[in-house]
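*Asks:* Structure incoming, see below.
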Amino acid sequence: MKTAGKKVFQKQIEGDIYTPIAIFQSLPGEKKFLLESSMKHEQHGRYSFIGTNPYMEMRAYGMEVTIQSGNEILTENGRFLDVLEKYLPQENLSDQPFPLMGGAVGYVGYDIIRQYEEIGEAPFDELNMPEAHLLFYSDIIVYDHISQKISIVHIGDAETEANFNERAEGIAAMIEQGPKPSSFEKISKSTIDFQSNMTQQQFEEKVKKAKEEIEKGEIFQVVLSQRFSTAFAGDPFYFYRSLRTHNPSPYMFYIDFHDYQIVGASPESLLKGDGVKIVTNPIAGTRKRGRTAEEDTVLEIELLQDEKELAEHRMLVDLGRNDLGRVCEIGSVELTKYMVIEKYKHVMHIVSEVVGSKRADISNGQVLASCLPAGTVSGAPKIRAMSIINELEKVKRGVYAGAVGYFSNHGSFDFALAIRTMIVKDGQATIQAGAGIVYDSDPDMEHNEVLNKARAFMEVEL
Numbered sequence: 069m070k071t072a073g074k075k076v077f078q079k080q081i082e083g084d085i086y087t088p089i090a091i092f093q094s095l096p097g098e099k100k101f102l103l104e105s106s107m108k109h110e111q112h113g114r115y116s117f118i119g120t121n122p123y124m125e126m127r128a129y130g131m132e133v134t135i136q137s138g139n140e141i142l143t144e145n146g147r148f149l150d151v152l153e154k155y156l157p158q159e160n161l162s163d164q165p166f167p168l169m170g171g172a173v174g175y176v177g178y179d180i181i182r183q184y185e186e187i188g189e190a191p192f193d194e195l196n197m198p199e200a201h202l203l204f205y206s207d208i209i210v211y212d213h214i215s216q217k218i219s220i221v222h223i224g225d226a227e228t229e230a231n232f233n234e235r236a237e238g239i240a241a242m243i244e245q246g247p248k249p250s251s252f253e254k255i256s257k258s259t260i261d262f263q264s265n266m267t268q269q270q271f272e273e274k275v276k277k278a279k280e281e282i283e284k285g286e287i288f289q290v291v292l293s294q295r296f297s298t299a300f301a302g303d304p305f306y307f308y309r310s311l312r313t314h315n316p317s318p319y320m321f322y323i324d325f326h327d328y329q330i331v332g333a334s335p336e337s338l339l340k341g342d343g344v345k346i347v348t349n350p351i352a353g354t355r356k357r358g359r360t361a362e363e364d365t366v367l368e369i370e371l372l373q374d375e376k377e378l379a380e381h382r383m384l385v386d387l388g389r390n391d392l393g394r395v396c397e398i399g400s401v402e403l404t405k406y407m408v409i410e411k412y413k414h415v416m417h418i419v420s421e422v423v424g425s426k427r428a429d430i431s432n433g434q435v436l437a438s439c440l441p442a443g444t445v446s447g448a449p450k451i452r453a454m455s456i457i458n459e460l461e462k463v464k465r466g467v468y469a470g471a472v473g474y475f476s477n478h479g480s481f482d483f484a485l486a487i488r489t490m491i492v493k494d495g496q497a498t499i500q501a502g503a504g505i506v507y508d509s510d511p512d513m514e515h516n517e518v519l520n521k522a523r524a525f526m527e528v529e530l
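Put into structure tokens, the structure is as follows:
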């Protein structure tokens, strides 16, 4: 839905004595979100984004999409990401100071693929959540970590300017009068006891079944996951605060959907774009971090010499190129970073980068649909791998292995892969982690890889 004649309004305040956490805590209202990053430099993680009180939300339940604004609820039939195009404003702006200045924030889950591909009858929906859920915001608070300024931003016209100025003054006053981080309640020194939905033996049996499919030539690789859950009666935002300290990651997010919360520390960018250029970052190949710098180096060298991990990574790079090739200009897709080690608190990964130029006739929703789910969390060939996941995992994945992020009102988008992500719903906290199974996978090692990935949440102190 392209419109013209709009411009960016913003109110700016000095932010050197504030943090995104303090700003988030100072804002009243419902359905708040915070998107930030452990990286804070010019190209990556410069901005943190905060919003509250969305004016609309969209949910997907199969091919039924509900659009709610206040007490009014509309229903449309169709693919969620196609319906989205009717409701997401796309403003033609000459001034674009920030990548997010209003738009839709939330998740598009793994199971959205069922709207595009036949992968078998959907298994049990244990979490009972929408396949996708986006919250729409007209005002965004942007924290610039380089200039240390806070901007309250709105895209509008002369008719909306006065109302925005009044709202912005109120938001600025709440930020300035709000609590500072030092006044928040201290987080205690206890961890959560997560339990898997299967035993090690059960998981290893699934690995063996997956290897049988590989031996028959059905697939080259498949990603099998375990779900871990526990009773949770605490404040999910305090958990997020501890997570960002315990496991800082390129994509940190907290989104409160009222009925449930999503808390995440994802290492992987699924997809981002500025309206023209599209970038995806395949991650495959994992080792735990060393206890010393020397051990860390040994593990890094070992990882880069592990032919199983390298073969898996090459396969996923090819999948990423194919995904972008479907929505980009012919000849524009290229590999700009290849097999680089990136290190996180608990694990290290091999990372590559694929970029392309989006075709003019393709929407941002179609771009996301072309890349979901990432090969990193499904396998290759994708469709057959997802059918095997459907048979072996027994429950819908939900948010896990989907995308968490935003579509802006002016054409940019940025989505993290929904891994290292926790759902808090109905007194339960749930996380999920997987391992890529190939021909020579060792079931015990794959089980340990799952545990290493899940440990980012299991060891968070509350």
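Under our numbering, the sequence shown has 209 at position 141, and the numbering climbs by one with no breaks.
Ideal placement from N, C-alpha and C gives every residue a C-beta, glycine not left out.
#1: Going by C-alpha distance, which of Arg309, Pro304, Tyr115 is nearest Asp327?
#2: Roughly how far, in whole angstroms, is the beta-carbon of Leu292 from the beta-carbon of Gly502, given that I think they are within contact range, below 8 angstroms?
#3: With DSSP run on the structure shown, which of helix, strand or coil describes Glu397?
#4: Any idea which residues DSSP pairs Leu103 with across the strands?
#5: My understanding is that His112 touches Pro318, with C-beta atoms under 8 angstroms, so please give their C-beta distance in whole angstroms.
#6: Quick check on the DSSP output: the alpha helix (DSSP H) that includes Glu229 runs from which residue to which?
#7: Exposed or buried, what is Pro198 when buried is set at 16 or more other beta-carbons lying within 10 Å of its beta-carbon?
#8: When you compare only the Cα positions, how much space is there between Thr424 and Phe483?
#9: DSSP three-state call for Glu194: helix, strand or coil?
#10: Within the same chain, show all residues whose beta-carbon is closer than 7 angstroms to that of Arg235, passing over the 5 residues directly before and after it, in chain order.
#11: Confirm, please, whether the CB-CB distance from Glu281 to Ile456 is below 7 angstroms.
#12: If you draw a straight line from the alpha carbon of Met490 to that of Met526, how long is it in whole angstroms?
#13: Compute the distance between the beta-carbons of Leu142 and Val173, then report whether it is under 7 angstroms.
#14: How would you write the range of the alpha helix (DSSP H) that Ile91 sits in, first residue to last?
#15: For Asn145, count neighbouring Cβ atoms within 10 angstroms of its own Cβ and tell me buried if that reaches 16, exposed if not.
#16: At which residues does the beta strand (DSSP E) containing Ser29 begin and terminate?
#17: How far does the beta strand (DSSP E) with Ala524 in it extend, from its first residue to its last?
#18: When DSSP labels each residue in this structure, what does Val542 get in the three-state scheme?
#19: Using CA atoms only, rank isn't needed, just tell me which of Met169, Glu194, Phe321, Lys99 is closest to Val463.
#20: I need the DSSP call for Arg355, collapsed to helix, strand or coil.
#21: Quick one: Cα of Glu227 to Cα of Lys493, how far?
#22: For Asn139 and Met169, what's the separation of their Cα atoms in angstroms?
#23: Assuming Phe92 and Lys79 make a contact with CB atoms under 8 angstroms, what is their CB distance in whole Å?
#24: For the pair the region 145–159 and the region 128–135, tell me if three or more CB-CB distances fall below 8 angstroms.
#25: Do the CB positions of Ser334 and Ile487 come within less than 7 angstroms of each other?
#26: Where does Phe252 sit, in a helix, a strand or coil, going by DSSP?
#27: Tell me Glu82's beta-bridge partners as DSSP assigns them.
#28: Who are the near neighbours of Ser251 in its chain, counting only those whose CB is closer than 6 angstroms to its CB and skipping five residues on each side?
*Replies:* A quick look at the data gives this:
#1: Along the sequence shown, one-based indexing puts residue 327 at 259. Measuring from the Cα of Asp327, the nearest candidate turns out to be Pro304.
#2: On the sequence shown, residue 292 is found 224 positions in, with the first residue counted as 1. On the sequence shown, residue 502 is found 434 positions in, with the first residue counted as 1. Right, the Cβ-Cβ distance comes to about 6 angstroms (below 8 angstroms), so this counts as a contact.
#3: Within the sequence shown, residue 397 is the residue found at index 329, counting from 1. Note: Glu397 maps to coil in three-state DSSP.
#4: Here residue 103 is taken as the residue at index 35 of the sequence shown, counted from 1. Its beta-bridge partners are Phe117, Phe321.
#5: Taking the sequence shown and counting its residues from 1, one reaches residue 112 at position 44. Taking the sequence shown and counting its residues from 1, one reaches residue 318 at position 250. Indeed they touch by this definition, with Cβ atoms about 7 angstroms apart.
#6: Counted from its first residue, the sequence shown places residue 229 at position 161. Start and end: 226–245.
#7: Numbered from its first residue, the sequence shown carries residue 198 at position 130. With 16 or more other Cβ atoms within 10 Å, it is buried.
#8: The residue labelled residue 424 in the question sits at position 356 within the sequence shown. The residue labelled residue 483 in the question sits at position 415 within the sequence shown. In the sequence as presented, Thr is not what sits at residue 424; that position holds Gly. One C-alpha to the other measures close to 16 angstroms.
#9: Here the question's residue 194 lines up with position 126 in the sequence shown. Glu194: coil per DSSP, three-state reduction.
#10: The sequence position of residue 235 within the sequence shown is 167, counting from 1. Answer for Arg235: Asp207, listed in chain order.
#11: Translated into the one-based positions of the sequence shown, residue 456 becomes position 388. Translated into the one-based positions of the sequence shown, residue 281 becomes position 213. Yes, Cβ-Cβ distance for Ile456 and Glu281 is below 7 angstroms.
#12: The sequence position of residue 490 within the sequence shown is 422, counting from 1. The sequence position of residue 526 within the sequence shown is 458, counting from 1. Their Cα atoms are separated by approximately 11 angstroms.
#13: Looking up residue 142 in the sequence shown gives position 74. Looking up residue 173 in the sequence shown gives position 105. Cβ atoms of Leu142 and Val173: not closer than 7 angstroms.
#14: Locating residue 91 in the sequence shown gives position 23, where the first residue counts as 1. Counting along the chain, Ile91 sits inside the alpha helix (DSSP H) bounded by residues 88–94.
#15: Taking the sequence shown and counting its residues from 1, the one referred to as residue 145 is at position 77. Asn145 should be labelled exposed.
#16: Because the chain spans 69 through 530 in this model, residue 29 falls outside it and cannot be assessed.
#17: Numbered from 1 along the sequence shown, position 456 holds the residue referred to as residue 524. Unbroken run through Ala524 is the alpha helix (DSSP H), 511–526; no beta strand (DSSP E).
#18: No information on residue 542 is available, as it lies outside the stretch 69 to 530 that the chain covers here.
#19: The sequence position of residue 463 within the sequence shown is 395, counting from 1. Nearest of Met169, Glu194, Phe321, Lys99 to Val463, Cα basis: Glu194.
#20: Position 287 of the sequence shown, counted from the first residue, corresponds to residue 355. Reduced to three states, the DSSP call for Arg355 is strand.
#21: Position 159 of the sequence shown holds residue 227. Position 425 of the sequence shown holds residue 493. Between Glu227 and Lys493, the C-alpha separation is close to 40 angstroms.
#22: Translated into positions along the sequence shown, residue 139 becomes position 71. Translated into positions along the sequence shown, residue 169 becomes position 101. Rounded to whole angstroms, the separation of the alpha carbons of Met169 and Asn139 is 25 angstroms.
#23: For the purposes of this step, residue 92 is taken as residue 24 along the sequence shown, with counting starting at 1. For the purposes of this step, residue 79 is taken as residue 11 along the sequence shown, with counting starting at 1. About 18 angstroms; that fails the 8 angstroms criterion.
#24: yes
#25: For the purposes of this step, residue 334 is taken as residue 266 along the sequence shown, with counting starting at 1. For the purposes of this step, residue 487 is taken as residue 419 along the sequence shown, with counting starting at 1. Less than 7 angstroms divides the Cβ of Ser334 from the Cβ of Ile487.
#26: Within the sequence shown, the letter at position 184 stands for residue 252. At Phe252, the pLDDT of 47 sits below 50, so the modelled position is not reliable; the number obtained from the coordinates is stated separately. Note: Phe252 maps to coil in three-state DSSP.
#27: Taking the sequence shown and counting its residues from 1, the one referred to as residue 82 is at position 14. Glu82 pairs with Lys217.
#28: Here residue 251 refers to the residue found at position 183 of the sequence shown. Reliability fails at Ser251, whose pLDDT of 46 lies under 50, so the model's placement of it is uncertain and the value that follows must be treated cautiously. Excluding positions up to five away in sequence, the list is empty.
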